[in-house]
Each structure stands twice: as C-alpha cells, then as structure tokens.
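Each residue of the sequence shown is one higher than the one before, counting from 12 in my numbering. Here a beta-carbon is modelled for each residue, glycine too, at the ideal position from N, C-alpha and C.
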Amino acid sequence: MTKEIKCTVSGERIDAYLSEEFEDMSRSYVQKLISSGAVLVNGSTVKPGNKTKTGDLISVEIPEPEKTDAVPEDIPVEILYEDDDLVVVNKPRGMVVHPAPGNYSGTLVNALLYHCRGRLSSINGVERPGIVHRIDKDTSGILVVAKSDQAHRKLTEMFSEHDIEREYTAVAAGVISENSAKIDAPIGRHQYDRKKMAVNLKNGKNAVTNFTVIERFRKTTLIKAVLETGRTHQIRVHMAYIGHPLIGDSTYGRGRKKYDYEGQVLHAGRLAFNHPVTGEYMSFLKEVPEEFSNLIEVLRNE
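Below, the structure written as structure tokens:
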C-alpha cells in the first residue's frame with residue numbers, strides 16, 4: 012500500500028516528520044522504511060536525517076503487516092469494553108503503552124497480548140500491535156486498542172480526522188483566572204531539544220486545546236481539557252505555553268518536585284467514538300485514580 016502526502020513543514024528531519032504525520036508508525040519503524048528505500052521524496056530516495064521542504068511530495072510504500080512476536084505477559088489490566096474488533100482499557104500511571112528501548116516488557120501491549128490470546132491488529136508489526144494512539148507512561152486513563160486490522164485502519168482514520176472525543180483531567184501550576192479558554196497554537200519539535208515538543212509558530216502543526224476550570228486551590232488549578240487535535244504532549248505543551256505547566260511535569264514544568272506524585276498530574280478520563288465496524292456510538296468514563304484524588308485533597312488543605 013502506498014500513501015502520498017504533500018509536506019507542509021520545512022527544516023524538519025524526514026523520519027521525525029513522518030512519525031508525527033502517521034501516528035500509528037514509530038520513528039524507528041519509519042527509519043527502517045527509509046533505509047529500505049520505501050520512502051521517496053519527489054521521486055528520489057532519502058536518508059532519515061534529510062530535511063523536509065514545504066511542497067515536497069512524499070511517497071511511502073507500506074509493507075504488508077508483520078506477524079507480531081511481542082511476548083504475552085500475565086499482567087493485570089482493567090478492561091472497560093471488549094469485542095472481536097477492539098478493546099478499551101484503563102491504563103494505570105507508570106505503565107508504558109508499547110515495547111521500546113528500555114521498556115521491552117511490562118507494557119500494555121505485553122499485557123493485552125496475554126489477555127487477548129495474541130489477537131491484536133498486526134498493522135504496526137512487532138513493536139506496537141494494535142496500538143492506534145498513546146498516552147504517556149505517567150499519564151493514566153482510557154485507551155482504545157485494535158484487535159482486527161479493519162478496526163485499526165478505521166480508528167487511525169478517525170483519529171486523523173479528529174472524530175474521536177477525548178477529555179482529560181489535570182492539575183496546573185498557578186491559579187488560572189479564566190473560567191475557560193481555548194489554546195490555539197501549533198506544535199512541533201523543539202528548536203534545540205529534539206526530544207521535546209514546543210509551540211512552533213513557523214513549522215508546527217495545528218493544535219487546539221480547550222480547557223475549563225473545575226476548582227482553584229491556593230497555588231494550583233484543577234482543570235478539564237478537551238482536545239480538538241492530538242499532537243504529542245499537546246496538553247502538557249499548551250499549558251506550559253500559557254504559563255501554567257502541569258504539576259509534576261519534569262519535561263515542561265518548572266522547579267523542583269513539590270508533591271508526592273510521580274510524573275505529570277494528568278488523567279485521560281473520557282473517550283468517545285463511533286465503533287469502527289458497527290458504527291455504534293460508544294462513550295467511556297473513568298474517574299481519576301486514587302493517588303490523583305489524594306493529591307486533590309492535599310491541595311484543598313494547603
């Protein structure tokens with residue numbers, strides 16, 4: 012299968028650009044495609060480090076799905092819904108979504124391969140079977156995982172078209188004066204630190220986050236954030252951009268760790284979509300985990 016896109020960004024590494032453009036492909040997988048000659052820019056092969064130019068025609072030849080060989084592990088995982096095409100789970104804070112360097116076991120994929128008896132979509136090959144979207148290791152909450160290739164393709168399309176409803180609960184630093192606001196600021200790779208994302212007015216991709224204040228504390232604010240788009244680290248980057256980074260966010264936050272909480276205080280509490288095969292509307296809710304609730308009580312009593 013061949014996919015063609017017209018590049019809208021200049022000066023970004025081709026491997027990084029494509030891994031962001033195709034959210035179901037990891038950067039290492041894109042690099043393998045490039046090295047095998049499966050990626051052409053204006054009809055010519057490229058290297059992973061080649062820089063993009065606005066207007067380039069990029070052609071990606073995607074090979075047939077590989078049989079997954081990640082190791083099933085008997086790890087407890089909370090299943091919110093399951094049928095022959097998909098499974099909806101509540102990922103705990105601290106669990107990595109899929110195997111990657113430094114985390115080859117103990118991931119959500121390992122757990123689901125065991126739970127689903129190996130029945131996960133094979134589209135992402137050995138690294139990320141069934142994974143259509145991700146949340147960070149230290150973010151808790153709801154994920155939908157594809158069991159059939161048909162569901163995987165449709166869900167990928169739905170995420171790309173922003174047809175998935177996603178709501179998060181978070182605690183931001185500082186007391187936010189507005190009751191609600193819309194952050195419309197493009198996100199791309201950080202200019203100097205390529206491991207980070209940042210608001211990038213020149214080369215970033217459209218990114219929109221709407222947030223509403225739930226409760227104000229002495230030095231922090233509890234918010235609900237609704238995504239219109241789904242860029243990497245979007246809520247974390249946007250909240251830092253307006254001067255209210257998430258509590259516990261060591262990447263985009265400020266200063267030393269103050270509260271007894273590992274990672275950013277962020278929970279994916281609602282996910283809603285039309286079933287990719289039946290078309291039935293489905294909505295899932297999950298309250299914040301106990302450690303999140305405990306932190307809220309601490310903040311109330313400060």
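Anyone know if the C-beta pair for residue i and residue j falls short of 8 Å?
i       : j       : result
Cys-127 : Val-155 : no
Ile-187 : Val-224 : yes
Val-198 : Gln-245 : A quick correction: the sequence has Ile, not Val, at residue 198. Yes, the Cβ-Cβ distance between Ile-198 and Gln-245 is below 8 Å.
Ser-151 : Lys-102 : yes
So residue i and residue j are in contact, right, with Cβ under 8 Å, and what is the actual spacing, rounded?
i       : j       : result
Lys-14  : Ile-73  : 6 Å
Leu-306 : Tyr-263 : Not confirmed; about 18 Å, so no contact.
Thr-231 : Ala-183 : 7 Å
Ala-279 : Ile-146 : 5 Å
Thr-56  : Val-20  : At roughly 20 Å, the Cβ-Cβ gap does not stay under 8 Å, so Thr-56 and Val-20 are not in contact.
Leu-119 : Val-143 : Contact flag wrong, Cβ pair sits at about 12 Å.
What residues in its chain sit with their C-beta under 8 Å from that of residue i, if we drop five residues either side in the sequence?
i       : result
Ala-162 : Asp-96, Leu-97, Ser-132, Pro-287, Val-288
Asn-285 : Met-169, Asp-174, Glu-291, Tyr-292, Met-293
In terms of DSSP beta bridges, what is residue i paired with?
i       : result
Glu-176 : Ala-283
Asp-195 : Val-219
Ile-253 : Ile-253 is not bridged to any residue.
Arg-227 : Thr-232
Phe-295 : Leu-282
Glu-93  : Val-98
Val-155 : Val-99
Ile-16  : Ile-69
Met-208 : Arg-200
In chain order, what residues of the same chain lie with their CB nearer than 7 Å to the CB of residue i, ignoring the 5 residues before and after it?
i       : result
Asn-53  : Asp-67, Leu-68
His-201 : Lys-207, Met-208, Ala-209
Ordered along the chain, which non-local residues of its own chain (more than five positions away) have a Cβ less than 6 Å from that of residue i?
i       : result
Ile-86  : Ala-122
Arg-281 : Glu-178, Leu-296
Lys-62  : Gly-22
Leu-310 : Phe-228, Thr-231
Met-10  : The requested residue 10 is not part of the displayed model; the chain covers only 12 to 313.
Arg-38  : Asp-26, Ser-30
Gly-117 : none
Leu-44  : Val-50
Answer yes or no: the CB of residue i versus the heavy atoms of the ligand ZN, is any distance below 7 Å?
i       : result
Gly-215 : Ligands are entirely absent from the displayed structure, and the ligand ZN is therefore not among its contents.
request  = Taking 8 Å as the threshold, find out whether the stretch 170-183 comes into contact with the stretch 231-240 through three or more Cβ pairs.
outcome  = yes
ask   = Three or more beta-carbon pairs under 8 Å between the stretch 211-230 and the stretch 293-301, yes or no?
value = no
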